[in-house]
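> In the numbering used here, the protein residues as written are 45 to 527. Where is the CB? At the ideal position from N, CA and C, for every residue including glycine. As the structure is a prediction and not an experimental result, all values here were calculated from the model. Would you mind keeping the following structure in view while I ask a few things?
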Ligand SMILES: *[C@@H]1O[C@H](CO)[C@@H](O)[C@H](O)[C@H]1NC(C)=O
Ligand SMILES: *[C@@H]1O[C@H](CO)[C@@H](O)[C@H](O)[C@H]1NC(C)=O
Ligand SMILES: *[C@@H]1O[C@H](CO)[C@@H](O)[C@H](O)[C@H]1NC(C)=O
Ligand SMILES: *[C@@H]1O[C@H](CO)[C@@H](O)[C@H](O)[C@H]1NC(C)=O
């Protein structure tokens, strides 16, 4: 139960948000009047209508004065896709990437002054999960190295406030080793959770992706992330998102507006220009929920919708959960922002859409119904081409005993233009009340011989899509037979 004062804060926040939205509508109409001749406005009027509902709660015009100046970046940034492939999974493919385990070890070895981790929960040992699995060893190694590091450099951890029932031994160990830990009470702040998973090392290197601080995320759950080395400009920007969580760890309300130090110059309209693997690239970080976005930050949902909008030929999506609903809302609420956008681009722009969704023991049957609905938008003669597959990670009887494992937990999207690597499940809650973030990379213009991040991510998708672990969803699919 919420206390009255929290309830009042929520009402107050909601009121302010609506008030901001009115200002925003007003300022947008002023802009619209001034540029009435712009073709862009006319041709994307429908899209504006769509994004207006979901755009940041702050009017763009009022923050432009306070925004830091956009500068280009000459850091020699290197990006590496990293994956966890569950024990026993084998692909007939040459597409492989370094493991997330190795990436975390590398990042810890690089750390000279600081490591900031944003996390959902911590279960890195067999003890935490009540298991006796040899494959927990990687997680246990990470915890050991982290506790050693905590005595040497500044280690800060922002974590969703644990429930009493959740194991807290890892966090206690790290605290006793010298780490600073703040719990973020998302339940009180937004009725969501802190679901973000990223690392910032020395304000110079980063990891972002689907992997939780959980031993299963290294050996029993399929995960995807990206590590960017030697990239202070990007790491500094991700650091601002971390600082917001860090601040909220000691606050009972969300600042509105956020102080200037949280603002960013880099977003979907003015991305950071930098060399990534020697290829000129434009990059930005999005964040959710919108109330956590300081001036200049693109909310995660807006980022997803605009990446879809920009696609010309294909959109490949791999997410664990896909639901056109507010999954955790009671009473039930329908939420179709992403679903509508996919159907719209498939219809209007004849973009080929592929969704690779996960299926496991905890999958809600209603998800399959909505996926069948989306998969029914398939009529090649009329250039309608949406296809959906379910990915199942097989498990031996012994692997089946590991709780909440053996699932594809990826959260990314790749189009003919963009690689999007995120941390959120795809249902309404994750964009309205839950904290998450994403790295959006554009290397469209690459003339380099090295494969772009976008083409590497596409190869990962195609490997998984073509594998025997994926099954097409048709109108006749039986949930029980598939998962
Ligand atoms: C980062 O830069 C340092 C110094 O220039 C270099 O030694 C190191 O190899 C770079 N790391 C990566 C992963 O490129
Ligand atoms: C993401 O979805 C899966 C499946 O419902 C769930 O197990 C996991 O906890 C979700 N994340 C959060 C933060 O709810
Ligand atoms: C990607 O970058 C190119 C070159 O900078 C730019 O022309 C294009 O609009 C960008 N695409 C997207 C979807 O942002
Ligand atoms: C790999 O190819 C072999 C031979 O075609 C096939 O039997 C096997 O099922 C394939 N595995 C996957 C994961 O696709």
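#1: Around ligand 4, which residues pass a check of Cβ closer than 5 Å to any of its heavy atoms?
#2: Any heavy atom of ligand 1 inside 7 Å of the beta-carbon of residue 122?
#3: CB-CB under 6 Å to residue 326, same chain, minus the five flanking residues each way: which ones, in chain order?
#4: Residue 494 by DSSP, collapsed to three states: which one?
#5: Should residue 519 be labelled buried (16 or more other beta-carbon atoms within 10 Å of its own) or exposed?
#6: With 16 other CB atoms within 10 Å as the buried threshold, where does residue 522 fall?
#7: Pull up the DSSP beta-bridge partners for residue 462, would you.
#8: Residues in its own chain within less than 8 Å of residue 525 by CB, not counting five upstream and five downstream?
#9: I'd like to know whether the C-beta atoms of residue 165 and residue 210 end up nearer to each other than 8 Å.
#10: Do you know whose CA, among 133, 212, 127 and 236, lies nearest residue 512's CA?
#11: Locate the alpha helix (DSSP H) running through residue 251, then write down its first and last residues.
#12: Just verifying my parser: in three-state terms, what is the DSSP assignment at residue 319?
#13: For residue 156, which residues in the same chain have their Cβ closer than 8 Å to its Cβ, ignoring the five residues on either side in sequence?
#14: Hey, residue 223 and residue 194: beta-carbon distance below 8 Å or not?
#15: Express the C-alpha separation of residue 419 and residue 517 in angstroms, rounding to a whole number.
#16: From residue 91 to residue 175, what distance separates their C-alpha atoms?
#17: Could you tell me the alpha carbon to alpha carbon distance between residue 105 and residue 340, rounded to whole angstroms?
#18: When you measure from the CB of residue 322 to every non-hydrogen atom of ligand 1, does any distance come out below 7 Å?
#19: Going by DSSP in three states, residue 194 sits in which element: helix, strand or coil?
#20: List the whole-angstrom C-beta distance separating residue 220 from residue 365, where the pair is believed to meet the contact cut-off of C-beta under 8 Å.
#21: Could you name the residues of the same chain whose beta carbon sits closer than 6 Å to that of residue 396, not counting the 5 residues immediately before and after it, in chain order?
#22: Given a cut-off of 8 Å, decide if residue 282 and residue 475 are closer than it, judged by their beta-carbon atoms.
#23: Quick one: residues in its chain with C-beta nearer than 8 Å to the C-beta of residue 143, no 5 flanking neighbours on either side, listed in chain order?
#24: With a threshold of 7 Å, establish whether the CB of residue 273 neighbours any heavy atom of ligand 1.
#25: Do residue 286 and residue 172 have their C-beta atoms within less than 8 Å of each other?
#26: CB-CB under 6 Å to residue 183, same chain, minus the five flanking residues each way: which ones, in chain order?
#27: Could you tell me which residues DSSP puts in a beta bridge with residue 258?
#28: Helix or strand or just coil, what does DSSP make of residue 499?
#29: What do you get for residue 410, buried or exposed, if any count of 16 or more other CB atoms within 10 angstroms of its CB means buried?
#30: Looking at C-beta atoms only, is the number of pairs between the region 455 to 473 and the region 499 to 507 that lie closer than 8 Å three or more?
#31: For residue 276, which residues from the same chain have a beta carbon less than 7 Å from its beta carbon, with the 5 sequence-adjacent residues on both sides left out?
#32: Could you name the residues of the same chain whose beta carbon sits closer than 7 Å to that of residue 447, not counting the 5 residues immediately before and after it, in chain order?
#33: So, with DSSP's three-state summary, where would you put residue 525?
Result, derived from the coordinates:
#1: This selection yields 136, 511 and 512.
#2: Residue 122 Cβ: within cutoff of ligand 1.
#3: If we look at residue 326 and ignore the five residues flanking it on each side, its Cβ neighbours are 315, 317 and 486.
#4: The answer is coil: DSSP assigns residue 494 none of H, G, I, E or B.
#5: With a 10 Å radius around the Cβ and a threshold of 16 neighbouring Cβ atoms, residue 519 comes out exposed.
#6: Of the residues assessed, residue 522 falls on the exposed side of the cut-off, its CB having fewer than 16 other CB atoms within 10 angstroms.
#7: 486.
#8: Setting aside the 5 residues that flank it on each side, residue 525 has no residue in the same chain whose C-beta is closer than 8 Å to its C-beta.
#9: For the 8 Å CB-CB criterion, residue 165 and residue 210 form a contact.
#10: Out of 133, 212, 127 and 236, 133 has the C-alpha closest to the C-alpha of residue 512.
#11: For residue 251, no alpha helix (DSSP H) segment is defined; the enclosing uninterrupted segment is the beta strand (DSSP E) at 249 to 253.
#12: Looking at residue 319 - three-state DSSP - the assignment turns out to be strand.
#13: Annotation for residue 156: 197 and 246 place their beta carbon closer than 8 Å to its own, counting only its chain and skipping 5 residues before and after.
#14: Taking C-beta atoms as the reference points, residue 223 and residue 194 count as a pair closer than 8 Å.
#15: Rounded to whole angstroms, residue 517 to residue 419 spans 7 Å at the Cα level.
#16: Summary for residue 91: the model assigns pLDDT 39, below 50, so the residue's position carries little reliability; its value from the coordinates is reported in the next sentence. Residue 91 and residue 175: Cα-Cα distance of roughly 50 Å.
#17: In this prediction, residue 105 has a pLDDT of 36, which is less than 50 and means its spatial position is unreliable; what the coordinates show is noted afterwards. Each residue's alpha carbon lies about 10 Å from the other.
#18: Result no, Cβ not under 7 Å from ligand 1.
#19: In this structure, residue 194 counts as helix in the three-state DSSP scheme.
#20: Rounded to whole angstroms, the Cβ separation of residue 220 and residue 365 is 36 Å, and the two are not in contact under 8 Å.
#21: Around residue 396: 358 and 429.
#22: Not closer than 8 Å, so no.
#23: Cβ within range, chain order: 126, 127, 128, 129 and 262.
#24: Yes, the beta carbon of residue 273 sits closer than 7 Å to at least one heavy atom of ligand 1.
#25: Not closer than 8 Å, so no.
#26: The residues 168, 259 and 262, in chain order, have a CB closer than 6 Å to that of residue 183 in the same chain once the five nearest residues on each side in sequence are set aside.
#27: Note: residue 258 is bridge-paired with 167 in the DSSP secondary-structure output.
#28: It is helical.
#29: By the neighbour-count criterion, in which a residue is buried when 16 or more other Cβ atoms sit within 10 angstroms of its Cβ, residue 410 is exposed.
#30: Per the Cβ contact rule, the region 455 to 473 is in contact with the region 499 to 507 (3 or more Cβ pairs under 8 Å).
#31: Excluding sequence neighbours, residue 276 sits near 119, 247 and 248.
#32: If we look at residue 447 and ignore the five residues flanking it on each side, its Cβ neighbours are 173.
#33: Correct three-state label for residue 525: helix.
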